[in-house]
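Remarks on the structure that follows.
2 protein chains.
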Amino acid sequence: MKLATLRGPGRDGTLIVVRRDGLSYAPAGTAFPTLQSALDDWERAEPALRALADALESGNAAAEALDPHRLHAPLPRAYEWVDGSAYINHIVLVRKARGAEPPETLRTDPLVYQGGSGVLLGPTDDIVLRDARWGLDFEAEVCAILGDVPMGTTAEEAGRHVRLLCLANDVTLRNLVPAELAKGFGFFGSKPATAFSPFAVTPDELGDAWRGGRLHLTLRSTYNGALAGDPEAGPEMHFSFFDLIAHITKTRAFTAGTILGSGTVSNADRARGVSCLAERRMIETLEQGEAKTPFMREGDTIAIEMLDEAGHSVFGRIAQKVVAG
Amino acid sequence: MKLATLRGPGRDGTLIVVRRDGLSYAPAGTAFPTLQSALDDWERAEPALRALADALESGNAAAEALDPHRLHAPLPRAYEWVDGSAYINHIVLVRKARGAEPPETLRTDPLVYQGGSGVLLGPTDDIVLRDARWGLDFEAEVCAILGDVPMGTTAEEAGRHVRLLCLANDVTLRNLVPAELAKGFGFFGSKPATAFSPFAVTPDELGDAWRGGRLHLTLRSTYNGALAGDPEAGPEMHFSFFDLIAHITKTRAFTAGTILGSGTVSNADRARGVSCLAERRMIETLEQGEAKTPFMREGDTIAIEMLDEAGHSVFGRIAQKVVAG
Numbered sequence: 001m002k003l004a005t006l007r008g009p010g011r012d013g014t015l016i017v018v019r020r021d022g023l024s025y026a027p028a029g030t031a032f033p034t035l036q037s038a039l040d041d042w043e044r045a046e047p048a049l050r051a052l053a054d055a056l057e058s059g060n061a062a063a064e065a066l067d068p069h070r071l072h073a074p075l076p077r078a079y080e081w082v083d084g085s086a087y088i089n090h091i092v093l094v095r096k097a098r099g100a101e102p103p104e105t106l107r108t109d110p111l112v113y114q115g116g117s118g119v120l121l122g123p124t125d126d127i128v129l130r131d132a133r134w135g136l137d138f139e140a141e142v143c144a145i146l147g148d149v150p151m152g153t154t155a156e157e158a159g160r161h162v163r164l165l166c167l168a169n170d171v172t173l174r175n176l177v178p179a180e181l182a183k184g185f186g187f188f189g190s191k192p193a194t195a196f197s198p199f200a201v202t203p204d205e206l207g208d209a210w211r212g213g214r215l216h217l218t219l220r221s222t223y224n225g226a227l228a229g230d231p232e233a234g235p236e237m238h239f240s241f242f243d244l245i246a247h248i249t250k251t252r253a254f255t256a257g258t259i260l261g262s263g264t265v266s267n268a269d270r271a272r273g274v275s276c277l278a279e280r281r282m283i284e285t286l287e288q289g290e291a292k293t294p295f296m297r298e299g300d301t302i303a304i305e306m307l308d309e310a311g312h313s314v315f316g317r318i319a320q321k322v323v324a325g
Numbered sequence: 326m327k328l329a330t331l332r333g334p335g336r337d338g339t340l341i342v343v344r345r346d347g348l349s350y351a352p353a354g355t356a357f358p359t360l361q362s363a364l365d366d367w368e369r370a371e372p373a374l375r376a377l378a379d380a381l382e383s384g385n386a387a388a389e390a391l392d393p394h395r396l397h398a399p400l401p402r403a404y405e406w407v408d409g410s411a412y413i414n415h416i417v418l419v420r421k422a423r424g425a426e427p428p429e430t431l432r433t434d435p436l437v438y439q440g441g442s443g444v445l446l447g448p449t450d451d452i453v454l455r456d457a458r459w460g461l462d463f464e465a466e467v468c469a470i471l472g473d474v475p476m477g478t479t480a481e482e483a484g485r486h487v488r489l490l491c492l493a494n495d496v497t498l499r500n501l502v503p504a505e506l507a508k509g510f511g512f513f514g515s516k517p518a519t520a521f522s523p524f525a526v527t528p529d530e531l532g533d534a535w536r537g538g539r540l541h542l543t544l545r546s547t548y549n550g551a552l553a554g555d556p557e558a559g560p561e562m563h564f565s566f567f568d569l570i571a572h573i574t575k576t577r578a579f580t581a582g583t584i585l586g587s588g589t590v591s592n593a594d595r596a597r598g599v600s601c602l603a604e605r606r607m608i609e610t611l612e613q614g615e616a617k618t619p620f621m622r623e624g625d626t627i628a629i630e631m632l633d634e635a636g637h638s639v640f641g642r643i644a645q646k647v648v649a650g
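These protein sequences, in sequence, are chains A and B. Residues 1 to 325 (this note's numbering) make up the first sequence, in order. Residues 326 to 650 (this note's numbering) make up the second sequence, in order.
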């Protein structure tokens, strides 16, 4: 099933069940007013929401037309946003771009950072940029929304804790990264509010495309109306979501509603393009001696979506514009 | 006023108003069932909760005896836990201990890290340690719980966004820190669940001890029954909470209920002791050639509290024991 969140009346919005074609919806109702409330009580919520999804699909529930601009992020605020960096090609290119070496444990120890999760952006929210010199970039990613995950969960056990999948634009301020990382405490200001796709869907919606903790479809990023990249999200995800879950639970437990990101989707095959401008700039530097593509500026647009094999948009479309702050 | 959270019935517990002496309480009631719900609607919640606090103080509200073991953290889970490191003496000693240099911008650019906030510990919760080799340490800190804070807030404007103050034990796994920071993405597994004091209090409860965005009282840490340190929390907090708020809002906004930590309270005067074992171990190394004090082990206890000038415990007592996981 496909779930989404309408804006208002409260801070956490209103949970809705969306028809598979993404065109209409029904409110989940008062038992589960928000997505967080459903995730907190998933054993009860899931069958109720699935029954509504079935009724919606078969025309047996009152459906309203869905206006994507009324949607907030599936979780307008989350208790944790943990972002991995599971595509080796991305790590190597981006570190090269800022003159840093890949970590020695590149292929054995996953990279994750703790992101800010109290203010998340809806799929069509503007990206507010206070200073163009900060080097605004998009990063197209796949995410898993988790149920409660105990400390010490293994990769083998991890699959049962994945409740939903969605997409993210992990907005990054590239020119703030080097000074921030030099201080040793990781990203903070260089990672402003992240935007999420309209729909969060249960793994079974993906059928065979969700296997082994990876999402085997292509992720399309369209920058200022031109295709920036459509890499395969599956094969080159070096650490699967299950590996990432085992990694993050080594010393901590996680509450229902934790969002776990894949990191920027990236393929070694340059014909597949890029899911962020930093990679394109590094490739330009390697091939042409200097970066030609500037970072994002006021008025720029970025769209991110994932099509299934029939060409349908699985998660709806992130479609954002940069505005001066 | 003093606020606290009883465990249950839901994940976020039940908001209570606590009498100034910490011995009895009254439930906040159904309008504001949890602390998060009160912070989300503080304009309405604050006067209602203050009226109840006044009634409790004057004996005009039904009061129940408070058992500290029934208390969870004021926010059992929070949307963000942002921890600063505002005491220069701590940064210098702890970096020296792991052979790292203090950042060049030590005195001009605050250090903060994004902590995990989905699973927080109550004041008497055990600290579960899965592997004694990880080098468990406590860190005694002061925290501010914020209301909504817009992007671009200045230090001058910051005071109005501080809703409550409390204490934290920012549990750290010292031996996991170097490898984790070497990867460049900051702390993650080396910072397991943080514990919080029983009570979160409005700044006016502190009177003149809360001034300039600093808390001018001493913070007592008692390790295995012996005083570890009682440093002054005010004068050596190089960046005030107001400075930290200005720093964190440079590129992001924060939702009500964000918790902001001071970092480990530390004084240059060694007679004041320590608020974490890493500092003691570094001082031993400097003075005696090697660290003598081991990190925390199963059965160890740590208590953290702050007394006002009359000797009353302002925030109640964090009192935790280490158990094997």
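Glycine residues also receive a C-beta, built at the ideal position from the N, C-alpha and C atoms. None of these values were measured; they are calculated from a predicted model.
Query                                                                                                                                                                                   : Result
Taking contact to mean at least 3 C-beta pairs separated by less than 8 angstroms, is the stretch 574-589 of chain B in contact with the stretch 470-477 of chain B?                    : yes
Closer than 8 angstroms by C-beta to residue 357 of chain B: which residues in its own chain qualify, once you throw out the five before and the five after it? Chain order, please.    : 340, 363, 366, 370, 373, 374
Could you check which residue in B:392, B:575, B:479 has the C-alpha nearest to that of residue 523 of chain B?                                                                         : B:392
Taking 8 angstroms as the CB-CB limit, is residue 117 of chain A close to chain B?                                                                                                      : yes
Can you list the residues of chain A that residue 404 of chain B reaches, using a CB-CB cut of under 7 angstroms?                                                                       : 77, 79, 117, 118
According to DSSP, what are the bridge partners of residue 404 of chain B?                                                                                                              : Residue 404 of chain B pairs with nothing; no bridge assigned.
When you compare the stretch 236-248 of chain A with the stretch 186-195 of chain A, are there three or more beta-carbon pairs, one atom per stretch, that lie closer than 8 angstroms? : no
Between residue 242 of chain A and chain B, is there a C-beta pair that is closer than 8 angstroms?                                                                                     : no
Taking 8 angstroms as the cut-off, does the stretch 218-234 of chain A touch the stretch 538-550 of chain B (at least 3 CB pairs, one atom from each stretch)?                          : no
Quick one: which chain B residues come within Cβ less than 7 angstroms of residue 192 of chain A?                                                                                       : 576, 577
Are three or more beta carbon pairs between the stretch 289-303 of chain A and the stretch 405-417 of chain B nearer than 8 angstroms?                                                  : no
To the nearest whole angstrom, what separates the beta carbons of residue 405 of chain B and residue 442 of chain B, a pair I think is in contact under 8 angstroms?                    : 6 angstroms
Quick one: using the 10 Å Cβ neighbour count with 16 as the cut-off for buried, is residue 294 of chain A buried or exposed?                                                            : exposed
Report the rounded CA-to-CA distance for residue 572 of chain B versus residue 331 of chain B, giving the unit in angstroms.                                                            : 33 angstroms
My understanding is that residue 381 of chain B touches residue 342 of chain B, with C-beta atoms under 8 angstroms, so please give their C-beta distance in whole angstroms.           : 6 angstroms
Does DSSP put residue 115 of chain A in a helix, a strand or coil?                                                                                                                      : strand
Is the distance from the Cβ of residue 531 of chain B to the Cβ of residue 437 of chain B below 8 angstroms?                                                                            : no
Going by C-alpha to C-alpha distance, which of A:124, A:10, A:303, A:286 sits closest to residue 275 of chain A?                                                                        : A:303
Ordered along the chain, which non-local residues of its own chain (more than five positions away) have a Cβ less than 8 angstroms from that of residue 123 of chain A?                 : 68, 71, 73, 195, 196, 197, 198, 316, 317, 318, 319, 320
Please give me, in chain order, every unbroken run of the beta strand (DSSP E) with length at least 3 that falls completely inside the stretch 415-491 of chain B.                      : 437-440, 452-454, 465-471
For the alpha helix (DSSP H) containing residue 546 of chain B, list its first residue and its last residue.                                                                            : Looking at the DSSP string, residue 546 of chain B is not in any alpha helix (DSSP H); the run it does join, the beta strand (DSSP E), is 543-548.
Determine, using beta carbons only, whether residue 476 of chain B comes closer than 8 angstroms to chain A.                                                                            : yes
Below 8 angstroms, how does it come out for the stretch 97-104 of chain A and the stretch 446-460 of chain B: are there three or more Cβ pairs, yes or no?                              : no
Buried or exposed for residue 13 of chain A, please, with buried defined as at least 16 other CB atoms from any protein chain shown within 10 angstroms of its CB.                      : buried
So which residues on chain B does residue 130 of chain A lean against when the C-beta distance must stay under 9 angstroms?                                                             : 476, 477, 575, 576
For chain B, find out if any of its Cβ atoms is closer than 8 angstroms to the Cβ of residue 87 of chain A; answer yes or no.                                                           : no
Which residue spans inside the stretch 229-264 of chain A form an unbroken beta strand (DSSP E) run of at least 3?                                                                      : 259-261
In chain order, what residues of the same chain lie with their CB nearer than 8 angstroms to the CB of residue 77 of chain A, ignoring the 5 residues before and after it?              : 11, 12, 117, 118, 119, 120
Classify residue 273 of chain A: buried if its beta carbon has 16 or more other beta carbons within 10 angstroms, exposed otherwise.                                                    : buried
Examine chain B for any beta-carbon lying closer than 8 angstroms to the beta-carbon of residue 111 of chain A, and answer yes or no.                                                   : yes
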